[in-house]
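Under full-length UniProt numbering, think of the first position of the sequence shown as 1, with each following residue one higher. Just so it is clear, CB atoms sit at the ideal spot from N, CA and C, and this is done for glycine as well. Please read all numbers here as calculations on a predicted model, not as lab measurements.
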Amino acid sequence: MRIPSKITFFTLLAICLNSFSIRAQNPLILDQYTADPTARVFDGKLYVYPSHDILCTENKGRVGWFCMEDYHVFSSDNLTTWKDHGAILSQTEVAWADPSGYSMWAPDCVERDGKYYFYFPTKPKDAKGFKIGVAISDSPEGPFVPQENPIAGVDGIDPNVFIDADGQAYLYWSGGNIFVAKLKPNMTELASEPQVIANLPQEGLKEGPFVFERNGLYYLTYPHVENKTERLEYAMGPTPEGPFTVTGVIMDESPTGCWTNHQSIVNFKDQWYLFYHHNDLSPDFDKNRSIRADSLSFNRDGTIRKVQPTLRGIGINKATETIQLDRYSSKSDSATIQFNDPETPFKGWHAVLSAGDFIRYNQVDFESGRSEIVLHVKAEGGAVLELSFADTNQPITKLNIPDSTGWRSLDFKLANPEVGIHDLEIKVISGAAAIDWLQFK
């Protein structure tokens, strides 16, 4: 890969050190805070470009507010294992940006003629408000070289770029209203005057535009504060510039009160997905968020069916992967989910089940027979668990868990389960157990 001369040693070092695989469901990334995900498909692989929340301190940003100094990019070809390609752009690498602004907010990335154009908002050095810049790379994974100046004529946040079938590119952004303008072929300059997109809600904050096309219909999606916090809404129109008609809600307000949400919608391997964020890893502070994804579908008339957020998320796990049961598909009402270490949320969660409780994890691929299961568990007083395929009502084995106050990884032999994709269920027959993960061998 050719390394652009303007990329710093520290960026390259971050890329090298951070390029590793992360296995997760919702949230998708467990080792850092991420928000505002833009999902794109490049060369048959799904890439996610989020913003990167950190905790503000007296010397970093505004305490108690959003704080973002750089961007990472993540990729996956199976939607269950995500690779962190490291930091691709920092506020200190952008000549026109305030190097102490900590305002690298929601980005986007598109490909044109073999080049990758990364759009990002941040505070400029010598003016109020936000500007939108462009950084360019030969690879979707970066490194990206920022342009010397922001896009002229654009003031605002949340850039989104849509390239229509005729090759015309459009830039959307927000700043009180949602705006649109055509881009020149160089993808760094406006080709038309900005115009406000009409007919959208006038009351309550609206931001974060994301536009896509399906079957000749154009969808403008955006977060909007209809009540107290942001919900995801959409409008439909006949062209990329509208006129748009407000059509419906994609996702309701967060039931736990996370004030923001931010979305992108993508088709990957003939399935549509909604990417969004929540504050899973920071339940008491909604300025540190985590990206999620769930499946999305359409009605016959092209309208979007409302998405119910899940912990299970997307993708089919291989049985040989670590299955995090706390990212469940369903569970009994009295089963609970707890942090492994409330002081260190990046260590994830576990499920706590008592006699009669169950937890189910759907879509696990047993591509070949397995003769052993490893269970990371603890059970003060001991417990008896039953493992089964919920989709076929096929019992697999009973697991006798010895008395243990600390976490243990226990191996159990089992008859080869039936090959195929199955829904796993664990039920507690007696006692009580805390279950972190399981894995088949």
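DSSP places F268 within a strand segment (E or B) once states are collapsed to three.
Measuring C-alpha to C-alpha distances from Y119 to each of L79, S282, E111 identifies E111 as the nearest. Secondary structure note for T256: it is in no beta strand (DSSP E), with a DSSP letter that is neither H nor E.
Distance from P159 to L171 at the Cβ level is roughly 6 Å; contact confirmed, criterion being Cβ atoms closer than 8 Å. At a Cβ-Cβ threshold of 8 Å, D333 and P240 do not count as neighbours. Contact between C258 and D294 is ruled out by a C-beta separation of about 15 Å, above the 8 Å threshold. Spanning the alpha carbons of A39 and V266 requires a straight line of approximately 6 Å. In terms of CA proximity to Q195, G242 leads the group V211, F210, G242. A direct Cα-to-Cα measurement between T344 and R305 gives close to 36 Å. Here V364 really is in contact with N317; their C-beta atoms are around 5 Å apart, less than 8 Å. Put simply, the backbone Cα of W173 is about 22 Å away from that of A95. In the DSSP assignment, D294 falls within the unbroken beta strand (DSSP E) covering 290 to 296. Bridge partners of V110 according to DSSP: Y117.
Just measuring C-alpha positions, the residue of P27, V161, P50, G44 sitting nearest A35 is P50. A check of alpha carbon separations from Y222 across G114, H52, F275 identifies F275 as the nearest. For M104, no beta strand (DSSP E) segment is defined, and its DSSP state is neither H nor E. K347 carries a helical assignment under DSSP once its states are collapsed to helix, strand and coil. For N78, the CB contacts under 7 Å within the same chain, skipping 5 residues up- and downstream, are G315 in chain order. The stretch 211 to 229 makes no contact with the stretch 131 to 140: fewer than 3 CB pairs, one atom from each, lie closer than 8 Å.
Contact check for R312 and Y361: beta-carbon distance about 7 Å, within the 8 Å limit, so the pair qualifies. Annotated as distal: V246 and N177, with beta-carbon spacing of 8 Å or more.
With a cutoff of 8 Å on beta-carbon distance, N261 and E230 are scored as near each other. The beta carbons of F74 and V41 sit no closer together than 8 Å. Looking from the CA of D270, the closest CA among L46, H277, E233, K125 belongs to L46.
Taking a cut-off of 8 Å for Cβ pairs, the stretch 25 to 34 and the stretch 204 to 211 do not touch, as fewer than three such pairs fall below it.
For the pair I426 and L387, the Cα-to-Cα distance works out to about 5 Å.
In the structure shown, the three-state DSSP call for T92 is helix. Contact between L232 and Q263 holds: their C-beta atoms lie close to 5 Å from each other, under 8 Å. Comparing alpha-carbon positions, the option among Y102, P143, S103, E93 lying closest to K115 turns out to be P143.
Spatial neighbours of I429 in its own chain (CB-CB distance under 6 Å, excluding positions within 5 residues in sequence) are listed in chain order as V384, E386. Per the C-alpha coordinates, the member of V180, W82, S354, F130 positioned closest to I22 is W82.
In the DSSP secondary-structure assignment, Q195 is bridged to V180. Note on S297: under 16 other CB atoms within 10 angstroms of its CB, so exposed under the neighbour-count rule. Between P201 and Y218, the beta carbon gap of about 18 Å keeps them out of contact (Cβ cut-off 8 Å).
Residue state for W65 is assigned as coil, using DSSP reduced to three classes.
Taken through DSSP and simplified to helix, strand or coil, Q168 comes out as coil.
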